[in-house]
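Its first residue numbered 11, the sequence shown is counted upward by one per residue in my numbering.
Heads up, the beta-carbon is just placed ideally off N, CA and C, and yes, glycines get one too.
Encoded as structure tokens, the structure appears first; notes follow it.
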Amino acid sequence: MKNFIASVVALVIGFFTITFAVVMGLFIGIAALIAKPFIKKRMTAAYEEALKQQGYQTQQQSGSTIDGEFEDVTKRPAMQ
């Protein structure tokens, strides 16, 4: 009888522990999903500030596309 009571108590404590871990994990996961964009924004700002202090300049992308006709040269015979 003593072993049976000890087994039941151990099972109840184990179930409580697993339930507590699942609930805490759920709350921590939701908090992480909410905080992710804010942390990314701060990390990006800190990275850019560190680059600026080290003298690196980020290049602005200024590309231009020329529209018009083109000649496909992939199937042109080789020149001799």
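Consult DSSP for G65 and reduce its assignment to one of helix, strand or coil. The answer is coil: DSSP assigns G65 none of H, G, I, E or B.
Backbone CA spacing between F14 and V32 [nearest angstrom]: 27 Å
Helix, strand or coil for E79, going by three-state DSSP, please let me know. coil
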